[in-house]
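Numbering (the numbering used here), first residue to last: 117 to 179.
A short write-up of the structure that comes next.
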Amino acid sequence: MKVGAEAAGKLRQRVLDELKTTFASHYSHEISLAETLNPEIMAGYNRRATGEKYLINPSKGLS
């Protein structure tokens, strides 16, 4: 189903308006790609516990 230009504009605006509320994500840990291979950290993100989200930041640790 396609929506018209006006409806699409309203939907885009809704996402922009709610970007930091409804669509916000909160991460308990931010790790680098290299850290994903650390056995201790790997055990943490494999646990899949409620409220424990890991963000993999590929540029973290690069200088």
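Backbone N, C-alpha and C define an ideal beta-carbon position, used for all residues, glycine too.
Check: Where do the N-terminal and C-terminal ends of the beta strand (DSSP E) with leucine 127 fall, by residue?
Finding: Taken as a continuous stretch (DSSP letters only), leucine 127 belongs to no beta strand (DSSP E), being part of the alpha helix (DSSP H) at 121-133.
Check: How long is the line joining the alpha carbons of threonine 152 and glutamine 129, rounded to whole angstroms?
Finding: Taking the straight line from one Cα to the other gives about 36 Å.
Margin query: Please state the DSSP three-state secondary structure of leucine 171.
Written below: DSSP places leucine 171 in strand when its eight states are reduced to three.
Next item on the list: Determine the extent of the beta strand (DSSP E) in which glutamate 151 is found, giving its start and end residues.
Entry: Counting along the chain, glutamate 151 falls outside any beta strand (DSSP E), and DSSP gives it neither H nor E.
Item checked: Through-space distance from histidine 142 to glutamate 154, alpha-carbon basis -> The residue asked about is misnamed: residue 154 is asparagine in this sequence, not glutamate. Roughly 22 Å separates the two Cα atoms.
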